[in-house]
Amino acid sequence: MLAQMAWQEGYCVLAIDCYGDSDTQRYVHESQKIASLAPEILMPAVEYFRTRYTIDDAIYGSGFEHFSNSLALLAACLPLSGNSPATFAQLQDKPFFFNTLKKHRIPFPETRFSAPKSTKNWLIKPLNGLGGVGISHYAKTTHNNGASTVYFQQYQAGQSHSVLFLSDGRDVDVIGFNTQYCRPDFLFSSVINCANLLPSQRALLTHWLVQLSRFFSLQGLHSLDFIATTTQLFVLEINARPPASAQLYNAALITRHLKPDCTTRHRIHLHDVCGYHLVYAKTQTRIPARYLWPNACADVPPNNAIIRQNLPICSIIAHKKSLCAVQHTFTLLQQQIERSLLMTQKASVNQLARPLVEQLIEQADKLRVGVDVLENGCTIIDAGIHHVGGLEAGRIIAEICLGGMGTVTITHSPYTANWPLSVNVHTGNPVLACLGSQYAGWSLSHEKYYALGSGPARAMATKQKEGQTLPVEELYQELAYHDDGDYPVLVIENDAIPPLAIVEKVAAACGVAPSKLTIIVTPTSSLAGGVQVVARVLEVAMHKAHALHFPLENIVDGSGFAPICPPHPNFVKAMGRTNDAILFAGQVHIFVKGSDEDAQKLAQALPSSTSKDYGKPFADIFKAYEYDFFKIDAMLFSPASVIVTAVESGKTFRAGAIDNALLDQSFGL
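In this text, residue positions in the sequence shown follow this note's numbering: the first is 1, and each later residue adds one.
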């Protein structure tokens, strides 16, 4: 925060911090990451800069609450701005601070420095606290009466607030009043630069600030934390260094902190409500390489950082027109970050698919597929162009398309009398396996070559747009998923090997050398190609559920089957048969959370027969629309028969039916 604020005001910044977040790296000339602010760790980093640069000013931030001796050492060797170590220590001396409040008749919650007899409505707090860490409801069983590192404070109901102010030791300039929020465990959660306070309350707080500023000789930026009820104000503490709320005001506050002067008031005009929110790790979390952070995120950790449980992952800065809109943005972005990081912790579709790719290569002769290495090192697997391929190769490729998160089997089905050979698909993670991997959503073209890419590599592919790194497919922003595997694999449905230009494009988008990329090519008219397309029976149901705006997070499991179609040398006929296998004879069973009503609506809307274009083979529909995919009703692409089970009630809903007559017509009987 401080580095960015200083950089925005035109300063050349050197930074020493314990996080090494990407934002700090972006805004500093040079930085030193250290393990803690302990003197033996901090001072070598300070000396490193002192011997290399002329330092005009030094600003300290949070963390010295636990290392006041380090602050004294800094003051001895650097031109330290803000409060002196002595003033900082006075504000950290809780008995002295609350006694000072009492002398100035400034109200605060009842506070004790020995354990109260009753535990009712008492909090236990660390003497040198920071960000709510260590605060809890008092229970005698969890407190050692001999400890001198804590104090006790009566729990006070009300709304938490803070006031950001500048002090020059004689007077104060109030920058703004803020509303603060904490988690149920009292950890700091967010601060927003607006507050529902009466003018009389603001005036009273300003009066208290002047009193305290003069008494403590406060210098620079501070914030005072307090609780407001409908009738009273209760002071909690003064943060004796620039607080997090300082970044919510665009007012050259670093310059004012360096040279505090309150003789002239600086009027600040707020065009939007701005808020700052911390996202904490619910469990130990590893930050994947090339993780795509939402634009509003700040303080983002470096790649591969390990964030321990209950420590901040990042922060969110939101600018909106109201406090409620800011809070809503916090909620949405936090959920997006938590979902996406959880998915990256649990599964890498490229890593899970890798053993299947190796199996395909090692058993190439047995499976009758060709393996070639291009001049740039990319591995090409031919499953039907110059090599025959087969059903088993198609089955393995289908599992690769699912990102190794599903099983595909070839069995006999009693539901399609004339075409019993069927593909069965199951996955315990339909959203990630089907939409996040199997879906053919990556459009690739070069000169006359055009193809759609499917499979795990899609989850790694990014592009640059207006200075931002974004997924190649917008779908991944909604899924909040990005894979950082080392060996991407892409499946292309085409009757020709892709040109080098496309191979290079895919590798670059995935952030790997071409030698780490594998591309599998399966013509639609081949046996392997037919199997891997028909194995999308569950995926098309997932895609339609997404188009119907059914909550994807409510889909918890799924399976499907469809008959294997006879191949056809004509591309349109071959493509038509693979589609018709699903449209006329595909059946899926999806398990969902949520209400029975929503499950029933999904079941009724999913079957292909709900489309206005249903009723004749796909090749005929395609021809009628002059071979333009975009003219075909998108609701056609779905299974013939659907079963949806609501897992919370146990009720099941069915819709649609298999049409053997249309299937026979398409397949050539």
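The beta-carbon is built from N, C-alpha and C at its ideal position, and this holds for glycine as well.
By Cβ distance below 6 Å, which residues in the same chain neighbour residue i in space, the five residues on each side in sequence not counted?
i	result
Ser-611	Asp-633, Met-635, Leu-636
Thr-229	Gly-158
Gly-146	Here Gly-146 scores only 49 on pLDDT, less than 50, and its place in the model should not be relied on; the value that follows carries that caveat. Taken in chain order, the list of residues that qualify is empty.
Asp-299	Asp-21, Asp-23, Cys-314, Ser-315
Met-1	Gln-247
Thr-206	Val-174
Gln-464	none
If we call anything under 8 Å between Cβ atoms a contact, is residue i one with residue j?
i	j	result
Ala-318	Thr-331	no
Ser-160	Cys-182	yes
Ile-124	Phe-152	yes
Ala-451	Pro-498	yes
Thr-524	Met-575	yes
Val-491	Ile-400	yes
Tyr-276	Val-191	yes
Ser-677	Ser-167	Residue numbering for the chain in the displayed model covers 1 to 669; residue 677 lies beyond these limits and cannot be assessed.
Ser-515	Leu-538	no
Ser-649	Asp-596	yes
Ala-38	Phe-67	yes
Pro-107	Leu-197	no
Gly-441	Thr-427	no
Asn-376	Tyr-487	no
Closest by CA to residue i, which one among the options?
i	options	result
Ala-254	Asp-21, Leu-356, Gly-82	The sequence shown places Ile at residue 254, rather than the Ala named in the question. Considering only alpha carbons, the answer is Gly-82.
Arg-265	Glu-30, Asn-196, Gly-176	Gly-176
Pro-414	His-104, Pro-563, Arg-256, Leu-341	Pro-563
Asp-664	Tyr-449, Thr-416, Leu-342	Thr-416
Phe-550	Ala-603, Ile-397, Asp-185, Tyr-53	Ala-603
Phe-113	Trp-122, Ile-106, Ser-62	Trp-122
Glu-478	Tyr-11, Ala-581, Asp-261, Arg-339	Arg-339
Pro-288	Phe-629, Val-472, Gln-359, Ala-459	Ala-459
Thr-578	Gly-668, Ala-325, Lys-631, Phe-630	Gly-668
Lys-366	Ile-396, Ile-337, Val-349, Glu-375	Ile-396
Asn-570	Leu-91, Trp-442, Ala-619	Ala-619
Tyr-598	Lys-103, Lys-651, Arg-202, Phe-629	In the sequence as displayed, the identity of residue 598 is Asp instead of Tyr. The option with the nearest alpha carbon to Asp-598 is Lys-651.
Val-133	Tyr-155, Gly-63, Ala-252	Gly-63
Arg-267	Asn-250, His-446, Lys-282	Asn-250
Met-5	Tyr-614, Gly-61, Cys-565, Ile-41	Gly-61
Measure how close the beta-carbons of residue i and residue j come, nearest whole angstrom, since I'm counting them as under 8 Å.
i	j	result
Gly-485	Ser-437	Their Cβ separation, rounded to whole angstroms, is 11 Å, which puts Gly-485 and Ser-437 out of contact at 8 Å.
Leu-391	Val-531	6 Å
Val-503	Ile-520	Not quite, the Cβ-Cβ distance comes to about 13 Å (not below 8 Å), so this is no contact.
Val-647	Lys-593	6 Å
Ala-347	Leu-432	6 Å
Ile-59	His-257	7 Å
Ala-383	Ala-393	5 Å
Val-163	Val-210	Wrong, their Cβ atoms sit about 12 Å apart, outside the cutoff.
Arg-290	Gly-511	6 Å
Leu-606	Ala-655	7 Å
Ala-535	Val-644	Actually they are not in contact, since the Cβ atoms of Ala-535 and Val-644 sit about 21 Å apart, beyond 8 Å.
Ala-683	Tyr-449	The structure shown does not extend to residue 683, since the chain spans only 1 to 669, so no value can be given for it.
Val-472	Ala-509	6 Å
Asp-57	Pro-79	6 Å
Gly-455	Leu-444	Actually they do not touch by this definition, with Cβ atoms about 12 Å apart.
Thr-462	Leu-292	7 Å
Output needed for residue i: all residues of its chain with C-beta closer than 7 Å, excluding positions within five of it in sequence on either side, in chain order.
i	result
Ala-15	Ala-3, Thr-24, Val-28, Ser-31
Does DSSP put residue i in a helix, in a strand, or in coil?
i	result
Ser-515	helix
Asp-382	strand
His-66	helix
Arg-354	helix
Asn-145	Its pLDDT being 49, under 50, Asn-145 is placed unreliably by the model, and the measurement read from it follows with that caveat. Residue state, collapsed to three classes: coil.
Glu-670	Shown here, the chain extends from 1 to 669; a query on residue 670 therefore has no answer.
Cys-182	strand
Ala-599	helix
His-546	helix
Tyr-53	coil
Gln-201	helix
Glu-30	strand
Arg-654	strand
Leu-14	strand
Excluding sequence positions up to five away, which residues of its chain have a Cβ less than 8 Å from the Cβ of residue i?
i	result
His-386	Gly-370
Thr-87	Phe-216, Ser-217, Leu-218, Gln-219, Ala-240
Ala-640	Ile-582, Leu-583, Phe-584, Ala-585, Gly-586, Gln-587, Pro-607, Ser-608, Ser-609, Gly-656, Ala-657, Ile-658, Asp-659
Arg-50	Cys-77, Leu-78
Determine, using beta carbons only, whether residue i comes closer than 8 Å to chain B.
i	result
Pro-563	Absent from the structure is chain B; it holds one protein chain and no more.
Below 7 Å, is the gap between the Cβ of residue i and the nearest heavy atom of the ligand FMN?
i	result
Gly-530	The model depicted lacks the ligand FMN and carries no ligand whatsoever.
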